[in-house]
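Protein chains in written order, with full-length UniProt numbering: chain F, 1 to 350; chain U, 1 to 616. Every residue gets a Cβ at the ideal spot worked out from N, C-alpha and C, and that includes glycine. On a predicted model such as this, the values are computed, not experimentally measured, just so you know.
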Ligand SMILES: [Cu+2]
Ligand SMILES: [Cu+2]
């Protein structure tokens with residue numbers, strides 16, 4: 001008996017220690033520390049059933065423990081034959097009615113907020129962004145603003161931003177845990193929902209539906225900046241000249257190589273709708289390369305020489321002429337100076 | 001020399017016996033061997049997954065192989081481990097529990113097993129050329145676009161074994177409706193037989209949805225149709241509906257029999273009648289009924305809209321009520337009893353807290369607004385492992401310890417049993433409890449790697465350590481099983497002082513089960529006779545000739561035929577020669593069917609005199 005209970009205690013202790021150590025997870029990635037409307041409502045409805053259900057669990061465990069302690073076979077009682085009880089109407093009614101009541105307490109707010117979160121009546125009054133999920137990167141098209149970007153999505157803080165999502169290949173799922181629950185990105189039937197960030201910040205996004213080998217490397221960021229900063233960013237993005245030749249000699253050479261090597265057929269710079277690969281207009285301002293790697297020159301060169309090693313199964317591998325290390329380095333030079341706006345992730349605070 | 005030959009012969013004879021058997025007890029064992037083998041395979045796959053996730057950005061296996069691993073782990077564990085192990089237990093025990101001499105269609109029973117086995121082999125042959133990699137849920141269009149033949153193997157493996165399972169389900173239904181012993185009314189049937197009955201109903205209605213889905217996928221992949229191809233006017237979401245219309249009831253196919261097992265074990269080892277028997281039966285039926293109306297809770301984030309999401313959320317929550325009724329009835333069965341705690345009971349007792357946690361998180365994931373966060377994360381992984389391991393696997397292990405004497409005429413070693421239990425139990429909670437938090441902290445499921453600096457390292461490490469404990473527990477159990485087979489002494493008759501009919505038959509169980517069919521006087525018939533009679537069941541018939549079916553090799557050959565045809569289907573796209581396999585395999589199966597249909601086989605009789613000669 002002792003051993004049994006003892007081991008159980010050790011176990012639950014371990015669980016709690018682990019829980020404390022890990023706390024709530026990384027800021028701006030965890031769903032447990034919401035900074036947006038959807039995530040906040042989700043957390044409310046995570047907590048309510050957890051509390052109610054923990055109460056049920058406690059009741060079960062108390063009865064369970066007492067039953068085991070009191071009614072375990074004891075010395076001198078080995079042959080005791082207990083009363084063969086058939087049931088008990090009152091008890092059975094009680095444990096039917098109480099759970100029904102508990103379920104109603106959970107069901108009412110669930111239905112209520114399911115409808116609240118699905119309300120899209122005011123979509124026309126807000127910023128609308130087309131989101132395309134691609135094997136293994138995200139594309140964003142700002143409605144009526146003539147802006148196309150990839151990987152990093154800039155939004156104004158404290159405002160509803162509507163996302164209209166469609167996939168270009170298989171099913172993906174758009175998830176920014178700190179701002180909102182997820183929504184699938186299907187190849188048919190555009191899905192729409194909105195996000196609203198309460199605070200400035202760079203929020204991590206992930207793909208949550210298995211979409212191929214690099215499913216786990218399909219990260220993106222939502223960059224929430226103040227309203228004025230957002231307006232500045234929009235103006236900067238709109239004034240990009242895709243034909244601009246950089247002053248820097250190496251970067252200018254890199255630009256030539258970029259055009260000679262097919263890159264331009266897949267990667268747009270500026271607001272061209274070409275989106276076979278990520279739009280690179282503000283590539284130099286991104287924090288991550290291809291969503292996952294630190295934005296260093298080394299990494300960019302490594303990507304250009306062998307993207308397969310970084311993201312297995314990606315759609316760039318083999319689709320462009322083989323580059324020498326020198327050329328790759330020149331192209332990296334060109335790409336890194338693509339910084340059309342002063343507004344960067346740093347303005348989002350973190 | 002001569003003994004070696006004798007042994008060899010006897011081995012061949014045993015092999016032939018099992019290849020041709022139509023005896024439910026032997027088929028039950030075959031299911032256990034087959035299911036056990038695939039369980040170990042699935043376990044190895046699980047360990048590889050946990051090793052890959054032991055630290056951030058690990059490269060123990062490649063991304064493509066990782067996706068194959070998770071797909072095979074899920075598919076294997078659900079279809080080729082959990083289900084057949086349960087079907088094996090049902091086969092071994094249910095006919096005895098209701099007082100029958102076999103199932104209604106022994107030939108079909110054997111066919112069901114061989115189809116399952118060859119389906120499982122089919123699926124695993126894919127390792128040679130690249131296994132399926134679209135997840136066990138095989139969502140289109142990832143599955144329809146998946147290169148290579150992996151997904152083709154998945155489709156055909158499941159199709160072949162699914163046919164076997166469907167046959168098994170129908171067979172059990174007919175058996176339970178028609179072959180109960182005199183006096184064994186429905187409301188006197190032990191809970192395990194009841195849950196077998198209800199799970200069979202679920203199989204009957206749920207598997208056709210999967211079959212249809214798999215056929216559509218097969219046509220999309222092999223014959224150029226476009227059911228799931230959006231570009232050509234198809235719809236990929238339909239696959240998800242078909243899959244989950246099957247998939248959710250499947251969860252209850254797995255858990256209800258486990259509920260039945262625990263009901264038997266709690267009653268036996270508390271020395272008490274099951275508390276609230278009638279409520280237990282109706283709760284089972286209600287769960288099964290509701291189980292068909294909740295499938296879209298797997299699809300809250302698909303974008304079905306608030307009306308569908310609300311309805312499916314509330315319907316799902318409703319299932320918590322009958323499930324709760326069951327938990328409390330079990331608790332009250334223990335209450336006031338005289339409780340023996342042995343290995344079978346340990347697994348059953350451990351089920352209560354573990355499964356209650358799974359049920360709790362079940363209500364939590366049913367809360368649609370919260371599920372927008374939980375869905376497709378490690379929270380869901382944790383939830384369903386708490387249900388399937390904490391419910392079904394614990395149930396299977398409890399049942400193996402409980403019914404081992406009945407099936408193998410041995411008692412499993414208690415020391416090893418307890419060691420296996422404690423390591424597995426602790427490992428299980430270590431592995432999965434922390435995953436609830438990993439999910440909420442931003443770790444989606446089916447992730448080949450998690451990145452550095454996301455504070456997911458510790459949780460994953462703990463989880464992987466737990467997995468090693470679980471593996472250790474399983475190994476100890478296997479050793480125990482082998483050890484008892486070699487060193488164990490024959491089990492005494494009715495070793496647990498049990499209550500139900502399966503313990504009333506002679507030890508070891510004769511191949512005709514009951515010399516005379518028993519007369520059942522109430523619930524727990526053996527217990528009634530022990531307390532009110534002389535401990536033996538009154539025969540319901542005089543000793544007479546017993547009609548027995550003949551064994552047959554046809555089910556085996558027929559399944560081989562379907563297996564060959566399956567290979568033909570897969571490779572006809574690459575090479576016209578594969579048509580030989582396709583049509584050859586089909587022809588082989590058809591010829592077997594013809595032989596079976598045209599050739600009369602009346603079985604044989606065990607004569608009255610023979611039965612009388614055998615001492616009681
Ligand atoms: Cu993905
Ligand atoms: Cu379900």
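Cβ shell of residue 105 (chain F) (< 7 Å), same chain only, five flanking positions each side left out
52
Three-pair Cβ contact test at 8 Å for the region 170 to 183 of chain F versus the region 129 to 149 of chain F
yes
Taking 6 Å as the line, does the beta carbon of residue 172 (chain F) fall inside it for any heavy atom of ligand 1?
yes
Considering residue 225 (chain F), what are the terminal residues of the beta strand (DSSP E) in which it resides?
220 to 225
From residue 258 (chain F) to residue 269 (chain F), what distance separates their C-alpha atoms?
11 Å
Taking 6 Å as the cut-off, is the CB of residue 218 (chain F) close to at least one heavy atom of ligand 1?
yes
Evaluate residue 221 (chain U) with the Cβ neighbour count: other Cβ atoms within 10 Å of its Cβ, from every protein chain shown; 16 or more gives buried, anything less gives exposed.
buried
So, residue 426 (chain U) versus residue 462 (chain U), is the Cβ gap smaller than 7 Å?
no
Under the criterion of a Cβ to heavy atom distance below 6 Å, does residue 248 (chain U) qualify as lining ligand 2?
yes
With 7 Å as the threshold, decide whether the Cβ of residue 187 (chain F) is near any Cβ in chain U.
The beta carbon of residue 187 (chain F) falls within 7 Å of a beta carbon belonging to chain U, placing the residue at that interface.
For the alpha helix (DSSP H) that contains residue 602 (chain U), what are its first and last residues?
Here residue 602 (chain U) belongs to no alpha helix (DSSP H), and DSSP marks it neither H nor E.
Taking 7 Å as the CB-CB limit, is residue 356 (chain F) close to chain U?
With chain F represented from 1 up to 350, any question about residue 356 (chain F) goes unanswered, as that position is not in the structure.
Is residue 83 (chain U) helix, strand or coil when you go by DSSP?
Residue 83 (chain U): helix per DSSP, three-state reduction.
Give me the Cα-Cα distance between residue 534 (chain U) and residue 405 (chain U), rounded to the nearest whole angstrom.
23 Å
Ordered list of beta strand (DSSP E) runs contained in the region 102 to 159 of chain F, each at least 3 residues:
127 to 134, 137 to 142, 147 to 150 and 152 to 156
Spatial neighbours of residue 578 (chain U) within its chain, please: CB distance less than 6 Å, with the 5 preceding and 5 following residues excluded, ordered by chain position.
568, 571 and 572
Mind checking if residue 308 (chain F) is an interface residue toward chain U, Cβ cutoff 7 Å exclusive?
No, because no Cβ of chain U sits closer than 7 Å to the Cβ of residue 308 (chain F).
Distance, residue 116 (chain U) Cα to residue 84 (chain U) Cα:
Approximately 8 Å between the Cα atoms of the pair.
Answer with yes or no whether the minimum CB distance from residue 107 (chain U) to chain F is below 7 Å.
no
Should residue 298 (chain U) be listed as close to ligand 1, given that the test is whether its C-beta is under 6 Å from any heavy atom?
no
Rounded to whole angstroms, how far is the Cβ of residue 207 (chain U) from the Cβ of residue 166 (chain U), which I believe are closer than 8 Å?
With a Cβ gap of about 5 Å, residue 207 (chain U) and residue 166 (chain U) count as contacting.
Kindly say whether residue 418 (chain F), judged by its beta-carbon, lies nearer than 7 Å to any beta-carbon of chain U.
With chain F running from 1 to 350 in the structure shown, residue 418 (chain F) is simply not present.
For residue 204 (chain F), count the other beta carbons within 10 Å of its own beta carbon; 16 or more makes it buried, fewer makes it exposed. Which is it?
buried
Residue closest to residue 220 (chain F), alpha-carbon to alpha-carbon, out of F:293, F:124 and F:193
F:293
Considering only their Cβ atoms, is the gap separating residue 148 (chain F) from residue 271 (chain F) smaller than 7 Å?
yes
With DSSP as the reference, please indicate the residues paired to residue 175 (chain F) in a beta bridge.
F:206
Please confirm whether residue 280 (chain U) and residue 173 (chain U) have their CB atoms less than 7 Å apart.
no
With distances taken Cα to Cα, identify the nearest neighbour of residue 617 (chain U) among U:88, U:485, U:357 and U:512.
Coverage of chain U is limited to positions 1 through 616, which leaves residue 617 (chain U) absent and any answer about it impossible.
With a threshold of 6 Å on Cβ separation, who are the neighbours of residue 246 (chain U) within its own chain once the five nearest residues in sequence on each side are excluded?
206, 209 and 210
4-residue-minimum alpha helix (DSSP H) runs that sit fully inside the region 411 to 480 of chain U, ordered along the chain:
Counting only runs of 4 or more, we get 414 to 440.
Using only the heavy atoms of ligand 1, determine whether one of them is closer than 6 Å to the beta carbon of residue 215 (chain F).
yes
Which of helix, strand or coil DSSP assigns to residue 19 (chain U)
Three-state result, residue 19 (chain U): helix.
Do the region 551 to 560 of chain U and the region 522 to 533 of chain U make contact, defined as three or more Cβ pairs closer than 8 Å?
Using a C-beta cut-off of 8 Å, the region 551 to 560 of chain U makes no contact with the region 522 to 533 of chain U, since fewer than three inter-stretch Cβ pairs fall below that distance.
Do residue 323 (chain F) and residue 304 (chain F) have their CB atoms nearer than 7 Å?
yes
When you compare the CB positions of residue 193 (chain F) and residue 183 (chain F), do they come within less than 7 Å of one another, or not?
yes
Any residues in the region 255 to 275 of chain U with a beta carbon nearer than 8 Å to a beta carbon of chain F? Which ones, in chain order?
Hits within the stretch, in order: 270, 271, 272, 273 and 275.
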